[in-house]
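Novice: Protein chains in written order, with the working numbering: chain B, 13 to 271; chain D, 7 to 411. Where a beta carbon is used, it is the ideal one built from N, C-alpha and C, also for glycine.
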């Protein structure tokens with residue numbers, strides 16, 4: 013592990029209960045200026061959430077449903093403006109998750125994504141590479157690894173859930189951003205692709221940092237340098253190196269369930 | 007079970023606490039009183055009124071029945087054991103209530119406010135509304151026999167046009183409604199479920215991710231949008247005749263403004279939440295996405311404007327460079343405003359696609375265009391000013407300081 017890449021201190025994030033959907037808050041610039049009096053109408057998801065990520069590490073987020081994993085990844089992806097934090101730094105400097113220079117350093121694979129459904133994988137990849145200003149080289153290897161050869165020229169909307177997930181994962185690993193965020197990457201993948209994904213996550217440290225959320229203990233224990241256990245919107249426990257084993261983490265999750 | 011099924015669909019359409027209902031009804035009352043107090047009156051023949059209510063109600067009901075969101079809901083409901091007849095009637099009742107209360111109610115408020123009516127005509131209008139719902143549902147359940155449905159609809163439209171003014175016409179609609187109920191009585195539950203097509207389209211291998219291609223695919227896969235675009239082109243063809251009759255050359259900008267009403271292509275982000283998430287998450291999308299999207303809407307508008315100008319030249323002659331510049335202004339200005347609205351204020355909180363297609367926000371840009379067209383018709387010199395302002399607007403938008411994107 014290298015120097016600190018991302019630091020988040022005392023982060024709170026919430027959704028408006030009357031909003032009718034999480035996405036309704038995407039573009040509300042005034043959301044950040046809300047006063048405390050409005051908090052009664054808001055559902056707090058993350059509260060007192062602090063953590064840091066090092067350069068070149070693979071970190072896993074695990075927690076029960078509703079613990080705040082996806083919300084945290086959405087905050088970092090710049091998709092949830094209703095949050096506040098004492099201090100957020102990326103490479104030592106304060107960061108705005110919606111600024112272009114930060115966006116160029118990260119890419120997120122969402123748990124469910126039906127975007128750009130009228131593009132084929134090949135077209136989507138070209139479009140994303142143009143947006144990031146990158147040329148990618150090792151796509152054929154990734155396509156082969158995920159057994160995706162047949163589908164590169166099929167519209168994304170015509171792919172099955174698992175194959176659509178593969179399209180976004182291949183794009184992510186081909187792009188090699190400095191910070192790669194994966195939300196439930198294993199969901200929907202077949203056995204062979206899951207194994208290949210574990211290999212990719214473990215090997216990603218060469219290029220940058222990967223932070224991923226999962227419900228599957230195996231995916232975390234096989235790939236992560238650090239494991240963060242989330243409970244009620246904050247990190248309850250952290251496991252590192254030799255501490256990472258399925259029994260210990262399972263126990264932490266059971267405790268969480270009992271609390 | 008029937009009550010629970012109806013409740014499940016109604017909650018989806020009206021909100022968990024039916025909060026949408028009082029809001030919509032209040033809106034109807036406000037519109038009714040606003041128009042009534044304004045004293046604006048028009049004479050509408052009974053047959054035209056019946057046709058309007060029937061066609062509008064049946065159209066909205068059909069859209070609701072074929073909505074993709076409903077298909078998902080329906081799939082989960084059909085997985086449960088159901089009594090077919092109970093299910094069909096509660097499903098049709100929920101969608102019918104949604105259509106009548108949130109959509110036809112508004113039309114009814116306008117019609118009642120702007121035209122004189124007798125109590126017996128009110129009964130006729132109520133029967134028409136119910137008839138529209140039932141007939142659309144019955145025809146939808148028989149859509150594999152589309153030719154029979156088409157003939158049935160044509161027969162009813164002809165009957166309304168030729169016999170709609172007769173006092174006994176309501177009875178005919180009632181009789182037809184009973185026929186519709188009988189068809190629904192016999193209908194299969196699965197007749198309402200539109201499963202997704204498994205057909206895979208062969209796509210030529212391309213290495214570039216062109217948004218133009220994306221937009222054309224999007225347009226070509228949505229039959230409603232294509233029909234709307236084709237309808238605008240038909241309007242563009244015939245409009246020069248009517249505008250010449252009205253006031254001659256000075257109303258040409260009004261024609262351009264009307265042709266910017268191709269609203270379905272202007273709600274790409276509103277109707278695709280995942281795409282909206284993606285363009286907000288990827289870097290540089292203000293330029294990479296918004297500019298091609300703006301040019302795409304401009305091309306759609308401009309195509310209709312060119313048909314209009316060609317038709318004008320053939321019918322009336324005298325197309326000038328200023329008229330072409332006017333077409334460019336209205337097509338581009340409405341495209342720029344539409345994209346800005348989509349980027350900053352996408353429509354949210356819609357329940358099914360039909361809400362999106364009838365959302366008032368969609369008509370903000372066409373109304374602005376009509377106001378500008380009215381002003382440009384009154385003072386033609388204003389067009390030069392508007393063109394200069396548009397140029398300045400584009401320069402500012404393209405060179406906005408980079409940062410949040």
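Could you tell me which whole beta strand (DSSP E) segments of length 3 or greater appear in the stretch 74-140 of chain B?
Specialist: Listed in chain order, the complete beta strand (DSSP E) runs (minimum 3 residues) inside the stretch 74-140 of chain B are 99-102 and 118-121.
Novice: Scan the stretch 68-90 of chain B for residues whose Cβ lies nearer than 8 Å to a Cβ of chain D and list them as they occur along the chain.
Specialist: Taking 8 Å as the Cβ-Cβ cut-off against chain D, the residues of the stretch 68-90 of chain B that qualify are 89 and 90.
Novice: For residue 368(D) versus residue 272(D), is the C-beta spacing smaller than 8 Å?
Specialist: As a position in the second chain, residue 368(D) is number 362, starting the count at 1. As a position in the second chain, residue 272(D) is number 266, starting the count at 1. Yes, Cβ-Cβ distance for residue 368(D) and residue 272(D) is below 8 Å.
Novice: Output yes if chain B places a C-beta closer than 8 Å to the C-beta of residue 24(D); else output no.
Specialist: Position 18 of the second chain, counting from 1, holds the residue named residue 24(D). Chain B contact via Cβ: absent.
Novice: Pull the bridge partners of residue 20(B) from the DSSP assignment, please.
Specialist: Taking the first residue of the first chain as 1, we reach residue 20(B) at position 8. Partner(s): 63(B) and 100(B).
Novice: How would you label residue 86(B), buried or exposed, when you count the other beta carbons within 10 angstroms and need 16 or more for buried?
Specialist: Translated into positions along the first chain, residue 86(B) becomes position 74. Residue 86(B) should be labelled buried.
Novice: Report yes if the C-beta distance between residue 266(D) and residue 352(D) is below 8 Å; otherwise report no.
Specialist: In the second chain, residue 266(D) corresponds to position 260, counting from 1. In the second chain, residue 352(D) corresponds to position 346, counting from 1. For residue 266(D) and residue 352(D), no; Cβs fall outside 8 Å.
Novice: Cβ closer than 8 Å: which chain B residues qualify as neighbours of residue 289(D)?
Specialist: By one-based count along the second chain, residue 289(D) stands at place 283. The contacting residues are 112, 115, 116, 143 and 144.
Novice: Using a Cβ-Cβ cut-off of 8 Å (strictly less than) and excluding sequence neighbours within five positions of residue 381(D), which residues of its own chain qualify?
Specialist: For the purposes of this step, residue 381(D) is taken as the residue at position 375 of the second chain. Once the five neighbours on either side are set aside, the close Cβ partners of residue 381(D) are 388.
Novice: Tell me whether the beta-carbon of residue 115(D) lies closer than 8 Å to the beta-carbon of residue 34(D).
Specialist: Here residue 115(D) is taken as the residue at index 109 of the second chain, counted from 1. Here residue 34(D) is taken as the residue at index 28 of the second chain, counted from 1. Yes, the pair counts as a contact, with Cβ atoms nearer than the cut-off.
Novice: Should residue 44(B) be labelled buried (16 or more other beta-carbon atoms within 10 Å of its own) or exposed?
Specialist: On the first chain, position 32 is the one that residue 44(B) refers to. With a pLDDT of only 41 at residue 44(B), under the threshold of 50, the placement of this residue in the model should not be trusted; the figure read from the coordinates follows. Residue 44(B) comes out exposed.
Novice: Locate the alpha helix (DSSP H) running through residue 34(D), then write down its first and last residues.
Specialist: On the second chain, residue 34(D) is found 28 positions in, with the first residue counted as 1. Taken as a continuous stretch (DSSP letters only), the alpha helix (DSSP H) holding residue 34(D) covers 26-44.
Novice: If we call anything under 8 Å between Cβ atoms a contact, is residue 187(B) one with residue 88(B)?
Specialist: To locate residue 187(B), count along the first chain from 1; it is residue 175. To locate residue 88(B), count along the first chain from 1; it is residue 76. No, these two residues do not count as a Cβ contact at 8 Å.
Novice: If you drop the 5 nearest sequence neighbours on each side, which residues of the same chain put their C-beta closer than 6 Å to that of residue 302(D)?
Specialist: Your numbering for residue 302(D) matches position 296 in the second chain. Excluding residues within five positions, the ones whose Cβ falls inside 6 Å are 221.
Novice: Going by the beta-carbon positions, is the gap between residue 136(B) and residue 184(B) smaller than 8 Å?
Specialist: Within the first chain, residue 136(B) is the residue found at index 124, counting from 1. Within the first chain, residue 184(B) is the residue found at index 172, counting from 1. Result no, Cβ atoms of residue 136(B) and residue 184(B) do not sit closer than 8 Å.
Novice: Below 8 Å between beta carbons: does that hold for residue 110(B) and residue 19(B)?
Specialist: If you number the first chain from 1, residue 110(B) lands on position 98. If you number the first chain from 1, residue 19(B) lands on position 7. No, Cβ-Cβ distance for residue 110(B) and residue 19(B) is not below 8 Å.
Novice: With DSSP as the reference, please indicate the residues paired to residue 59(D) in a beta bridge.
Specialist: Counting from one through the second chain, the residue named residue 59(D) turns up at place 53. In DSSP, residue 59(D) forms no bridge with anything.
Novice: Considering only C-alpha positions, which residue in the set 225(B), 145(B), 242(B) and 152(B) is nearest to residue 189(B)?
Specialist: Here residue 189(B) refers to the residue found at position 177 when the first chain is read from its first residue. Taking only the C-alpha atoms, the option nearest residue 189(B) is 145(B).
Novice: If we call anything under 8 Å between Cβ atoms a contact, is residue 258(B) one with residue 214(D)?
Specialist: On the first chain, position 246 is the one that residue 258(B) refers to. On the second chain, position 208 is the one that residue 214(D) refers to. Result no, Cβ atoms of residue 258(B) and residue 214(D) do not sit closer than 8 Å.
Novice: Closest by CA to residue 397(D), which one among 374(D), 379(D) and 342(D)?
Specialist: On the second chain, residue 397(D) is found 391 positions in, with the first residue counted as 1. Residue 397(D) has its Cα closest to that of 342(D), out of 374(D), 379(D) and 342(D).
Novice: Less than 7 Å between C-beta atoms, sequence neighbours within five positions excluded: which residues of the same chain meet that for residue 395(D)?
Specialist: Position 389 of the second chain, counted from the start, is the residue given in the question as residue 395(D). Closer than 7 Å at the Cβ level, and outside the excluded window around residue 395(D), lies no residue.
Novice: So which of 334(D), 105(D), 230(D) and 75(D) has the shortest CA-CA distance to residue 30(D)?
Specialist: On the second chain, position 24 is the one that residue 30(D) refers to. Selected option, being the one with the closest Cα: 105(D).
Novice: With which residues is residue 131(D) paired in a DSSP beta bridge?
Specialist: Indexing the second chain from 1 puts residue 131(D) at position 125. Partner(s): none; residue 131(D) has no beta bridge.
Novice: List, from N- to C-terminal side, the alpha helix (DSSP H) runs of 4 residues or more that fit wholly inside the stretch 72-132 of chain D.
Specialist: Within the stretch 72-132 of chain D, the complete alpha helix (DSSP H) runs of at least 4 residues are 74-84, 90-105 and 111-120.
Novice: Would you please state the rounded distance, in angstroms, between the beta carbons of residue 314(D) and residue 263(D)? I believe it to be under 8 Å.
Specialist: Position 308 of the second chain holds residue 314(D). Position 257 of the second chain holds residue 263(D). Not a contact, Cβ separation roughly 11 Å.
Novice: Using a Cβ-Cβ distance under 8 Å, would residue 208(B) count as near chain D?
Specialist: The sequence position of residue 208(B) within the first chain is 196, counting from 1. Not an interface residue.
Novice: Find the residues of chain B that neighbour residue 294(D), judging by a C-beta separation of less than 9 Å, and give them in chain order.
Specialist: Counted from its first residue, the second chain places residue 294(D) at position 288. Within chain B, the residues near residue 294(D) are 139, 142 and 143.
Novice: Quick check on the DSSP output: what are the complete alpha helix (DSSP H) runs of length 4 or more inside the stretch 175-236 of chain D, in order along the chain?
Specialist: You should have 175-192 and 217-227.
Novice: Where do the N-terminal and C-terminal ends of the beta strand (DSSP E) with residue 160(B) fall, by residue?
Specialist: In the first chain, residue 160(B) corresponds to position 148, counting from 1. Looking at the DSSP string, residue 160(B) is not in any beta strand (DSSP E), and its letter there is neither H nor E.
Novice: Kindly give me the distance between the Cβ atoms of residue 69(B) and residue 237(B), rounded to whole angstroms, as I take these residues to be in contact under 8 Å.
Specialist: Locating residue 69(B) in the first chain gives position 57, where the first residue counts as 1. Locating residue 237(B) in the first chain gives position 225, where the first residue counts as 1. That belief holds up - the Cβ atoms of residue 69(B) and residue 237(B) are roughly 5 Å apart, short of 8 Å.
Novice: Evaluate the contact criterion for the stretch 136-147 of chain D versus the stretch 51-67 of chain D: three or more CB pairs, one atom per stretch, below 8 Å.
Specialist: Segments in contact, yes.
Novice: Since residue 44(D) meets chain B, which of its residues come closer than 7 Å, beta carbon to beta carbon?
Specialist: Mapped onto the second chain, residue 44(D) falls at position 38. Under the 7 Å cutoff, chain B gives no residues; its nearest Cβ is about 33 Å from residue 44(D).
Novice: From residue 52(D) to residue 162(D), what distance separates their C-alpha atoms?
Specialist: Position 46 of the second chain holds residue 52(D). Position 156 of the second chain holds residue 162(D). Distance between the alpha carbons of residue 52(D) and residue 162(D): 15 Å.
Novice: Tell me, please, which residues DSSP counts as bridged to residue 56(B).
Specialist: Residue mapping note: residue 56(B) aligns to position 44 of the first chain, counting from 1. Answer is 26(B).
Novice: Quick one: list the residues of chain B neighbouring residue 213(D), beta-carbon separation under 7 Å, in chain order.
Specialist: Locating residue 213(D) in the second chain gives position 207, where the first residue counts as 1. Correct list: 134 and 138.
Novice: Nearest to residue 43(D) by CA position, among 120(D), 110(D) and 67(D), is which residue?
Specialist: Translated into the one-based positions of the second chain, residue 43(D) becomes position 37. The option with the nearest alpha carbon to residue 43(D) is 120(D).
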